[in-house]
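Top line first, the protein sequences correspond to chains Z and X.
Here the first sequence stands for residues 1 to 840, where the numbers follow this note's numbering.
Here the second sequence stands for residues 841 to 1680, where the numbers follow this note's numbering.
There are 2 protein chains.
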Amino acid sequence: MSAIAARGAFLRRRVPAIQIYGANTGVGKTVVSTLLAKALKSHWPGKDVAYLKPVSTGPDSDRDDSYVHRYAGIRAKTLYQFDDPVSPHIAARKPGFTPPTDDHLCSSVLEWMNRAVPKDGVIIVETAGGVLSPGPSGTPQADIFRPLRLPVVLVGDHQLGGIATTLSAAESLTLRGYDIVAVVVPTGNLGNHNYLRTIFHRQRSVPVYEIPLISDFSRNSVGSPVLEGTDLSHSDATLRAYYNAISRSHMHVIIGEIKSKHARRLYDLDKMSAKAAEVIWHPFTQHKDQTAAGLLPLDSAHGDFFQVYRPSNEYVHRGLEAASAWPDGSDLHAAFDGSASWWTQGLGHGNQDLALATAYAAGRYGHVMFAGAVHEPALMLATNLIRLMDSDNKSRLRKAFYTDDGSTGIEVGIKMALKAASVKYGWDGSSTDIGIIGLKGSYHGDTIGAMDCSEPSTYNKKVEWYRGRGYWFDYPQVKLKKGKWTVEAPAGMEDDFGSPQHYESLQEVFNLDERDSSVYERYIIKVLKQLIQDEGRKFGALVMEPVLLGAGGMIMVDPLFQQTLAKVIRTSPILASMSEAAPSLETDNATNDPVHWTGLPVVFDEVFTGMYRLGRFSSSSFLDTQADISVHAKLLTGGLLPLCVTLASQSIFDAFLSNEKSDALLHGHSYTAHAIGCHVANVSMEKYANLPKMGNWRRAARDWAPTRRAPAEASFVGSGMDPTKYVWSMWTKDFVTNLSNKECVEGVVAIGSVLAITLIDESGSGYNSNAAIKLRDTLLERGSRHDWGIHSRVLGNVFYLMGSMTSSSDTLRLVQKAVTKHIDPTAEPHEKDLDISEDQ
Amino acid sequence: MSAIAARGAFLRRRVPAIQIYGANTGVGKTVVSTLLAKALKSHWPGKDVAYLKPVSTGPDSDRDDSYVHRYAGIRAKTLYQFDDPVSPHIAARKPGFTPPTDDHLCSSVLEWMNRAVPKDGVIIVETAGGVLSPGPSGTPQADIFRPLRLPVVLVGDHQLGGIATTLSAAESLTLRGYDIVAVVVPTGNLGNHNYLRTIFHRQRSVPVYEIPLISDFSRNSVGSPVLEGTDLSHSDATLRAYYNAISRSHMHVIIGEIKSKHARRLYDLDKMSAKAAEVIWHPFTQHKDQTAAGLLPLDSAHGDFFQVYRPSNEYVHRGLEAASAWPDGSDLHAAFDGSASWWTQGLGHGNQDLALATAYAAGRYGHVMFAGAVHEPALMLATNLIRLMDSDNKSRLRKAFYTDDGSTGIEVGIKMALKAASVKYGWDGSSTDIGIIGLKGSYHGDTIGAMDCSEPSTYNKKVEWYRGRGYWFDYPQVKLKKGKWTVEAPAGMEDDFGSPQHYESLQEVFNLDERDSSVYERYIIKVLKQLIQDEGRKFGALVMEPVLLGAGGMIMVDPLFQQTLAKVIRTSPILASMSEAAPSLETDNATNDPVHWTGLPVVFDEVFTGMYRLGRFSSSSFLDTQADISVHAKLLTGGLLPLCVTLASQSIFDAFLSNEKSDALLHGHSYTAHAIGCHVANVSMEKYANLPKMGNWRRAARDWAPTRRAPAEASFVGSGMDPTKYVWSMWTKDFVTNLSNKECVEGVVAIGSVLAITLIDESGSGYNSNAAIKLRDTLLERGSRHDWGIHSRVLGNVFYLMGSMTSSSDTLRLVQKAVTKHIDPTAEPHEKDLDISEDQ
């Protein structure tokens, strides 16, 4: 049994399947399953109709599968049967028995479904108890089976209180991303079915069907009143009569609904790419190259995996050899989200706690305007961020300004910095050209102000209003090359930066105190003199992505260069020559902050690199450098929603204080500090805070430790070990080293959840290169040797992968195997990549 | 009984209150209420402990209030007692009985609470049935009582299936924005309490307490087994013994929890403004003027109302005369959200359906990357918008590009337009200065590119990188002045635009076909000649907010001027002289769109004016002018989340097609087309589509109809009447007319949900003016003559109000009364404003 199968949802064109959930225990799930099964069997003669009870509790004599088999005459199976008629999480506590993990249980269900109905048919999967009744592991069943995302028939409760339980059960399903096909409610004397019909129709367009209770049926048809009670307590004859009559009279419309929604789902997925190609203008896409067939239709996502629609028949039609790699003609295929959905994911797709958090804030506030007002989620997030930045890297940051995304947050950061610099140096911004100082290859966003912070490149050179405003430094890069961590100057700049330096470990590259920065210092001063003193240029900010330049190609800048650049800009007297006036006294007096900025405000763009992406809350801590302004987004909201926070020091804030409103930072989007984003960010922060304690992280930090085979190893697994104090990657050291030794690889970077492989591209590199595209396409088609693909994005000749912060090491190992296999098809897999068995 | 009281939440420092909800019916809510009441009484001797059952069903002999009174010895009351032991929505169907509306029921509860415990005490409010059991009106109780947002004690279910029902009930409460203080579960033999304790603690930090069942207690203490069954079936002596023993032994820790959470809530609210002033950099705020006391702490929001924290003791302490206007020393006060939270709200705060929609999308997708992929919510929204624009105003728009907010959407619109113009006119954007043509007073957003689309103003003039790029036309404005709709040139421009014109109705101003545009045409051509032929300037787009310029001061531009401007720019041969090359053949051939743009691409910024804000889906339809590019945000997501869609015509799209990736629109934010935003937008679209059928809207359209007293009136109320074909306002015509006659009023604008009053300001007008601030402050303090205030924002000397699209006319009438009263304190209220009784 493969643990990986749980990552695949179930959708097969010729095998509609439904999952029966109940509003409560004992509401008649098995009766409905039996009715449906019986009706399906007569409706579709000759086709397989199969019934599965994944988990059942109760005496063997009273098994649901036997009951369904007896009265519907179809194949029925229980995967886990426990005799004790209690909740499965208690029943499973038997001596010597290890309950199946959620993944295992879900995989077993999928495997059984594919085996039981290999070709045409229908499958009914019946859960135990209510929607959130625990499975054997203790996880609520609606969570365990969520990866399959089967369409749901919800059996409603006809008893007193049943309206409430049915509605709440439906809400629990909905907020887990399930689609409810129909609600079936026994006709009780309370009329619950009437009420539910109205409300389900109005609010969700879900039809509600009623069925007679067995007891009512027997009373009416047999003429003798039968005691109310469990519907399973009737005579065999009564039951046979009931199932015969009701499956004929009541089930066809429900079956019609199931069939038509199944057909509709497939139809919509079938047409999705073509329709999208008609109406959608995709981001960062040359539509001349973008065919409808090249668009991935995503049905849903869960954990680290997309569910990609890829019709099995079309797949076979295309005659691809890999068709056999996909199991059983499934129309949905799991694909590992290898770009973490543009670097946003940290806690997995479809995260239940985060979904509930969004709904809570929506229910408590919706959105409330933020100018002149404050609400708890926004205040808490601001406080948390300031506190966490401080504890991570003793920060200067004291004020939080909200915007909607990294790009707008950078615009705010730039406005802050330029104003502060203008006040200090006495510039009139409306007539002075003020630039920023940055690094080549940096990228800060897509709005004009953010674009102007980067040097001309493919991204911006054809944008009419783009005018790069600033100077961008060259710098040495860090890469693992042939097993050695190498710090290397760009071609032709060895005179400035010296010859390549080699390090035994990445940790050593980041031991900045032990390295000599004098070469960098001299170079930076030389350039600044030229720019400021010789050319008379004016600069208002130093803007950098700490450690890793993302969109520029996952470039690891020598951290010592970044640290030195900030230091020189803060301390060099050259900057003073930009001044056109005495520093404003008012600003200097107004501040309460002991840490004034000097030289230029330092703006760190942590949109990509922050929030544990590289293993630490703040990537600034790798540089041991405190920003005056810092921008945070992407992972901030747990990968759900746009939200950005620009943090600033007190002295930056003070530069905007004045008696004139027009001196204020007159910026603010409609949804500034929207409660949903802030609240889900707070919940995500809480979850992130636990990451460093995870075994995964500790193991990874130990794997990368320079001394990992030395006696000190023990300290890495002890409770005192803190991965955030080290430099490491979730990708294994052996794997990364092995990659760096490949002939086709120029160099590799791995830190935190990021892996970037620069491929040697004979045709020249850059954003327009196609070097990495072949690997990307192969990994999506072939995937791992299991039944899932790997989705990735490339940046020119740089192929990169990025897990979430919670990706399991099993999953990552299998991804590594696939990369190792396909990056260089002639090579044997490295022994270390085989250290976990393929089927476990 | 005031229908308005339901808008106030209940929070009083000296009167902690809780609401008892049950995971199902019959789980022991009344037992828990009794235990708590009894313990509270002995815990706080001398204080009022009161119990309220708003709605109860069952025979009089078995009333919960009598039971609680008997065993806890406290005052207990039922508001609505129905004898039939069924769900209240059925029990309330009695001949001659009209069930209370939700508002009325909720108000009655609030009123009773304030009256029953005038000073110090505790109140327990017990619901009937489960969390979502219907009240008398049929609305689920958790929705009916949501405006009060009382802290909840949830009574869990100890029976088989009770884990599922308890968890789902908690989710239903959470997604309505309730805070669960504690869960109380009877100790059953299934151990539900243990499971629930673990999961509630881990996921929500909510404590779970167990209490013995009465039957277990009596079995143990009395020594004789008592039949399981309803806990109300025990002997009086047993019950007395039980309540005595258990309230002493088990309740103190729960009471401690209730007290400490109450104290914590107040403490957090107390400190909220001061803490916010420390860490938050507010949007559009001169912090030198922003005191902590001036920040409104918002506890929550519901419908059209904020819940503003305003401690009653501090309020009294401040000695404000208005203190008496707030009832009973409440610490939360409702304030009408009179700016629709910066123009975003359309369907009310805390809208339950929208909250569930956010959760569904979060549960199904989280966020999935959009480049090269597509998902149902994004596809559906794009399709919907394109279709709706087309049916609203026969549009050219065929492609949807997603961004995060109006500002980024405008940047995309500008990039689209400039590229299309550059291709057509043969410009090299990197070396050519290309401007836009716009209107004075326009505002398009806060990022640099969006700012550059507006002329220099207070908003942007001190932003270092702002460089207004374009030319902005003067134009005549529309205002209601002294009862006459007036179209008037700006001061000194009568030579260009002629003398003021008067119209009997706003509708007539918008009957563009019947008006003469030749004056405007001549003026526009004169200016274009000057700019393009004489000065050689180049322009790449016409950018306008149709009808109403929002941030510029709710200026209504003469729609005829806007229509004429677009027409001239599309047809005048003057534009051709901007060309530096023959039009690109490739682009002209590539298009599939019969409607090529000519002259310049027309960009409509509908961020504020679209989506029914002015009464129509698209504000472009007022101008009968089809944009080439159109930007939509704010109301798009039902007022919950940032999301923006820029729509473009096929020919604009085609300008980016090329064999080079770098010619594409290389724009895209991390959360582009996030599934949550798209899905909630789709659900909102569905709801908006019903607005024009609402009685409210039809009545308003009739009220504003020029012929409303003519026989044609009947057609306005018939099913054939469509408010989207007329020009009208949700603010009544009499009220608006009356305002326009005030001495202090320069003019009024009213359209759709927007009301804007330009006040005469002797000290000079503009963004820095304080003219409207006094009215704003008075309305917040004094509010209506009921127990709520009116929150508003001002734009210089323009005071404006904006309801949601679903604001009730009762609420709006009361707002109108307050405005009429306070705008000019010496005047008598206009008779028409008194046409609804104050207490109904």
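Beta carbons: idealized from backbone N, C-alpha and C, even for Gly.
This structure is a prediction, so every number in the text was calculated from the model and none was measured.
Go to residue i, then tell me how far its beta strand (DSSP E) extends in each direction, as first and last residue.
i: X/Arg1037; result: It is not in any beta strand (DSSP E) - X/Arg1037 instead sits in the alpha helix (DSSP H) that spans Asn1032 to Arg1044.
i: Z/Asp299; result: Leu296 to His302
i: Z/Arg75; result: Arg75 to Phe82
Report buried or exposed for residue i, applying the criterion of at least 16 other Cβ atoms within 10 angstroms of its Cβ.
i: X/Asn1300; result: buried
i: Z/Arg12; result: buried
i: X/Lys934; result: exposed
i: X/Val995; result: buried
i: X/Val1119; result: buried
i: Z/Gly46; result: exposed
i: Z/Met451; result: buried
i: Z/Ser66; result: exposed
Is the distance from the Cβ of residue i to the Cβ of residue j below 9 Å?
i: Z/Ala335; j: Z/His791; result: yes
i: Z/Gly303; j: Z/His333; result: no
i: Z/Tyr402; j: Z/Val645; result: yes
i: Z/Ile434; j: X/Glu1304; result: yes
i: X/Gly1636; j: X/Asp1664; result: no
i: Z/His375; j: X/Pro1137; result: yes
i: Z/Val487; j: Z/Leu560; result: yes
i: Z/Met369; j: X/Ser1179; result: yes
i: X/Met1220; j: X/Ala1488; result: no
i: X/Arg1105; j: X/Asp960; result: no
In the DSSP assignment, what residue or residues form a beta bridge with residue i?
i: X/His1472; result: X/Val1485
i: Z/Val749; result: Z/Ala756
i: X/Met1384; result: X/Phe1444
i: Z/Leu397; result: Z/Ser649
i: X/Leu1320; result: X/Trp1325 and X/Val1588
i: X/Glu1050; result: X/Val1025
i: Z/Lys337; result: Position check: residue 337 of chain Z holds Asp in this sequence, whereas Lys was assumed. Answer by DSSP bridge pairing, in chain order: Z/His791.
i: Z/Phe473; result: Z/Leu439
i: X/Pro980; result: X/Pro974
i: X/Glu966; result: X/Ile860
Counting along the chain, where does the alpha helix (DSSP H) carrying residue i start and finish?
i: Z/His375; result: It is not in any alpha helix (DSSP H) - Z/His375 instead sits in the beta strand (DSSP E) that spans Ala373 to His375.
i: X/Gln1656; result: Ser1649 to Ile1663
i: Z/Phe735; result: Lys733 to Ser740
i: Z/Gln563; result: Pro559 to Thr571
Item to complete: Give the residues from the segment 346 to 363 of chain Z that approach chain X closer than 8 Å (Cβ to any Cβ), ordered along the chain.
Response: Within the segment 346 to 363 of chain Z, the qualifying residues are Gly348, His349, Gly350, Asn351, Gln352, Asp353, Leu354, Ala355, Leu356, Thr358, Ala359, Tyr360, Ala361, Ala362 and Gly363.
Worksheet item: Got a sec: which bits of the segment 596 to 628 of chain Z sit with their beta carbon under 7 Å from any beta carbon on chain X, in order along the chain?
Response: none
Worksheet item: Any residues in the segment 649 to 668 of chain Z with a beta carbon nearer than 8 Å to a beta carbon of chain X? Which ones, in chain order?
Response: Phe653, Phe656, Leu657, Ser658, Asn659, Glu660, Lys661, Ser662, Asp663, Ala664, Leu665, Leu666, His667 and Gly668
Discussion item. Against chain Z, which members of the segment 1578 to 1605 of chain X pass a CB distance test of less than 8 Å?
Written reply: Taking 8 Å as the cut-off between beta carbons, none of the residues of the segment 1578 to 1605 of chain X comes near chain Z.
Worksheet item: Given a limit of 7 Å on CB to CB distance, which residues of the segment 859 to 873 of chain X reach chain Z?
Response: Cβ contacts with chain Z: Asn864, Thr865 and Gly866.
Item to complete: Could you list the residues in the segment 1260 to 1272 of chain X with a C-beta less than 7 Å from some C-beta on chain Z, going in chain order?
Response: Residues passing the 7 Å Cβ filter: Ser1262, Gly1269 and Ser1270.
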